[in-house]
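So the structure is just underneath, and the comments pick up after that.
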Amino acid sequence: MSTAATTEVEHHADVHEEEDNSLWSWLTTVDHKRIGKLYMFSALIFFAMGGLEALFIRVQLMYPEQSEFISAQTYNEMFTMHATTMVFLAIMPLSAAFFNFLIPLQIGARDVAFPRMNALSYWLFLFGGIFLNVPIFLKLLGVVGVTPDGGWFGYANMTLSKYSPGMSIDFWILGLAILGNSSMMAGFNFITTILNLRAPGMTLFRMPIFTWMSLVVQFLIVMSFPMVTVGLLLMLFDRSFGTNFYFPPNGGDPLLWQHLFWLFGHPEVYILILPAMGIVSEVLPVFARKPLFGAPFVIFSGIMIGFVGFGVWSHHMFTTGLGPVADAAFSTTTMLIAVPTAVKIFNWIATMWGGKISFTLPNVYAITFVFLFTIGGLSGVMHASPPVDLQQQDSYFIVAHFHYVLVGGALMGLFSGITFYWPKMYGRKLPDGLGWIAWALFFAGINVTFFPMHFLGAMGMIRRSWQYPAGVGLEGYNLMATVGAFLIATGFAFFFVNLIRGLLGAGEKVGDDPWDAATLEWSMASPPPHYNFRKLPVVHSDRPLWDEKHEGGSPVSQAVIGKDAPAHVEMPPPSYWPLLLALFQGGFFAAFLIGGGGGKFDASAFGTQVMVQLVMGLGMLFTMFAWIREDARPR
Amino acid sequence: MSSHAVPAGAGHDETFDEHHWRSLGVDHMKLAFWTFLGSDCFFFGSLIGTYMYYRGQSLVGPYPRDVFDVNITSISTFLLLMSSFTMVLAVLGAKTGKRGMTLVNLALTAAMGSAFVAFQMYEFAHFYHAGLTLQGNLFGSTFYILTGFHGTHVAIGVLWLLLSMFWYGKGWIRGDEGNAIEVAGLYWHFVDIVWIVIFTVVYLMEFVA
Ligand code: HEM
Ligand SMILES: [Cu+2]
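Taken in order, these protein sequences are the chains called B and U. If you count by our numbering, then the first sequence holds residues 21 to 655, one letter each, in order. If you count by our numbering, then the second sequence holds residues 394 to 602, one letter each, in order.
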């Protein structure tokens, strides 16, 4: 079939008509594209929950001295769950959606290196996310008194049992442990995939920038998550078994937690931003009709950010009194890390410079990213200076900083990715009208919400405060921020409705390569057949598809006819073991609540816990056995 | 748009063996496992760092020198080191297709690993009776957590070795058997090396000054 000419745009339109869409097929899928979609929609739903929590915060802060729209306790729970949700359940999995969907397509592979482990990562993420949110529902039902309320950074010793009795923090600790587990497994998988499954000729420096940034992120994940895992373990032991790691009366030092947390926490912020930077580096060149300006610089600065990112953590701890030497050192590294960040910004601008820019929705999201991220980067460099940071720490200035980089940056980049890759995922463009309204609401909302926070912070408004005084000039900006938050929420509602319409079949049908792009993911049908490539391509440059179309380069595009894989292709069959293993693994973690939950050791329940964990452990063992056997089946 | 035709012979020729194509030339499992080991370095690094952070900070005893018996721990350390040697032989056997050699050496390795775990349990019990508890002081907290997690790694390793023996004995391993045993070996050597660091930092350093 390799000689078929694909002349019609709609050529592949009905290739997938008979695709199996039963629930069972989704529960047992090991297809990286399906797992990517699962990640995407789960993340968007969690995003909506985190957004709702943010609205509670903003309504409470709408007016000064407002007594109780929500109680102080609920307020603490809201900002804790808001941040935890946005970081671990919205932005990270939204990035993971693109790792999954794109990496194999971009490097010319049929799937990831370990397809079933990939499914396992997704299920663990889903269970971890649900588990984290269980206390909210328990509280609504009146079963428990509080939900996690220690902030996303969970500072000890506030989170130890003395000050946080009850189960809420235990849910938070174990939930994060499960999520970390999922991310690390995905990390091993993607590192192997990227290094080992590149199509012939795809040297490292011919890899698309998104894949590059993803590779850096995977290394950051597998190196940084173990550190916070240890931090969480020590906290769990302090709470449940009365150890002394963070407990001052017995010599423990709460700062140890801060070190372990921020050793992870700073790499984590790059885990959040680099995938979006990768996406933007794909989108901008396509719509400027130029190659990415200085691509090697973008790659090397990404690597540099990854490296230096491990040496800046104490800029989150300037106010803890580490001493002038440490402050000076961490201030230097923090200013240093702004350099590769700025390099990237200049590269993106230079890419657009002199290009024939078409202002499509994905491109405008990408430009929004560059613009808003720059603002956030600038405030970041400001608090790289310890004396300045002493003023800004824990004020709304910091809140403004990280929302510009996270919402204006990461989120806008990811939304650029959703609108850009939607046609590849579903074979149709997203309907434009609602899409533009959503973008306009986002753009206005983000600035109206977060820009005033710079002023609030400069005027001394403290972060995480439940109320603030009237008559000192804070009213106007706070009201503004609340209005902005509702703009963002409305924007998201439009955005989400638009996606649902797209799922239901709205939007213009498109061919394989609707944006006239340059890289391999656009070389096969939209949506791609489950085996991706009829023939693995041979790559001769970093823009193989562009070269084929415009430069007379050797062909890489794929003629796909019919639903079945070509005879020589073997795809992994669906499997229910990942789902089962995730259940047992999740159960094993959750069982810690039985004996140790509630911040005290319960000897009688501990026996039950050990029994449950033994059962779960045996379940895991059995599942792994079956898993390997399934692999060993004669084919 | 996709108005470009795909000429015959696009891409590589039919003899290209895509199932064995590895752009880095390494086995998937091995590569993934190396990244896992790198990651685990950060796990133990954090635990060892915690131990160092609190070394000598305990407010009350027992202190390390009150409980340590380096002679006993040296024996178990020696056993673990020797088990790395038999592990190498097991991998060699699997690579050269000497099934008997592989099985015997896997069994020896697992036995020495179990002995190490047994020594550790004895040590824990002994320390506990000497008054060193998880809660009593910082030394107790950091010591039990660090060596406990290492011991757990060894125990998991023993389980893995036993399963490998079973699997290998049945001839169930698909693909390259030598490779499968080698990956187990990587883990085993890693756990061994971590112990050498722990033994040095936790035990030997108490007796240098
Ligand atoms: C130019 C690069 C950047 C620099 C120099 C920088 C610097 C800093 C500094 C010094 C702080 C600590 C402020 C304080 O608490 O007093 C901070 C906080 C923060 N930054 Fe950045 N940052 C940069 C980029 C980013 C990016 C890309 C992200 C995420 C996508 C990010 C997310 C955060 C978050 C979440 C916090 C607050 C953490 C917390 O206290 O809860 N930053 N940044
Ligand atoms: Cu930071």
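Even glycine gets a Cβ: it sits at the ideal position worked out from N, Cα and C. Keep in mind it's a predicted model, so treat the numbers as computed, not measured.
Residues near residue i in its chain [Cβ-Cβ closer than 7 Å; skip 5 each side]
i                      : result
residue 380 of chain B : 307
residue 646 of chain B : 597
residue 479 of chain B : 493 and 494
residue 146 of chain B : 62
residue 275 of chain B : 340
residue 384 of chain B : 459
residue 347 of chain B : 338 and 406
residue 272 of chain B : 264, 265 and 266
Residue j beta carbon less than 8 Å from that of residue i
i                      : j                      : result
residue 246 of chain B : residue 520 of chain U : no
residue 506 of chain U : residue 550 of chain U : yes
residue 49 of chain B  : residue 55 of chain B  : yes
residue 468 of chain B : residue 432 of chain B : no
residue 127 of chain B : residue 214 of chain B : yes
residue 644 of chain B : residue 603 of chain B : no
residue 511 of chain B : residue 462 of chain B : yes
residue 387 of chain B : residue 477 of chain B : no
residue 257 of chain B : residue 538 of chain U : yes
residue 612 of chain U : residue 578 of chain U : Limits of chain U in this structure are 394 at one end and 602 at the other, which puts residue 612 of chain U out of reach.
residue 331 of chain B : residue 287 of chain B : no
residue 237 of chain B : residue 172 of chain B : no
Residue i Cβ short of 7 Å to ligand 2 heavy atom set
i                      : result
residue 335 of chain B : yes
residue 279 of chain B : no
residue 286 of chain B : yes
residue 289 of chain B : yes
residue 332 of chain B : yes
Where residue i sits in the DSSP three-state scheme
i                      : result
residue 631 of chain B : helix
residue 25 of chain B  : Confidence in residue 25 of chain B is poor, its pLDDT being 37 and thus under 50, which makes the residue's placement unreliable; the coordinate value appears in the next sentence. Coil, per DSSP.
residue 136 of chain B : helix
residue 529 of chain B : strand
residue 492 of chain U : helix
residue 415 of chain U : coil
residue 415 of chain B : strand
residue 259 of chain B : helix
Test: residue i CB closer than 8 Å to a CB of chain U
i                      : result
residue 243 of chain B : yes
residue 501 of chain B : no
residue 211 of chain B : yes
residue 131 of chain B : no
residue 472 of chain B : no
residue 263 of chain B : yes
residue 218 of chain B : yes
residue 81 of chain B  : no
residue 227 of chain B : no
residue 36 of chain B  : Legend: pLDDT at residue 36 of chain B = 47, less than 50; position of this residue unreliable, no value from coordinates given.
residue 249 of chain B : yes
C-beta neighbour in chain B for residue i, strict 8 Å
i                      : result
residue 433 of chain U : yes
residue 419 of chain U : yes
residue 395 of chain U : Because residue 395 of chain U sits at a pLDDT of 35, beneath the cut-off of 50, its placement in the model cannot be relied upon, and the following sentence gives the value as read from the coordinates. Cβ-Cβ to chain B under 8 Å: yes for residue 395 of chain U.
residue 570 of chain U : no
residue 443 of chain U : yes
residue 545 of chain U : no
Near ligand 1: residue i beta-carbon under 7 Å from a heavy atom
i                      : result
residue 173 of chain B : yes
residue 354 of chain B : yes
residue 241 of chain B : no
residue 470 of chain B : no
residue 434 of chain B : no
residue 390 of chain B : no
residue 199 of chain B : no
Close-in-space but distant-in-sequence residues of the same chain around residue i (CB under 6 Å, 5 per side omitted)
i                      : result
residue 400 of chain B : 421
residue 437 of chain B : 118 and 299
residue 573 of chain U : 566
residue 51 of chain B  : 550
residue 254 of chain B : 265
residue 98 of chain B  : 73, 76 and 77
8 Å Cβ shell around residue i - same chain, five flanking residues per side excluded
i                      : result
residue 470 of chain B : 419, 420, 423, 424, 427, 428, 501 and 504
residue 551 of chain B : 130, 585, 586, 589 and 591
Any non-hydrogen atom of ligand 4 closer than 7 Å to residue i Cβ
i                      : result
residue 102 of chain B : Ligand 4 is absent from the structure shown, which contains only ligand 1 and ligand 2.
Chain C contacts made by the segment 255-284 of chain B, where a contact means CB separation under 7 Å
In the displayed structure, chain C is absent; the protein chains listed are B and U.
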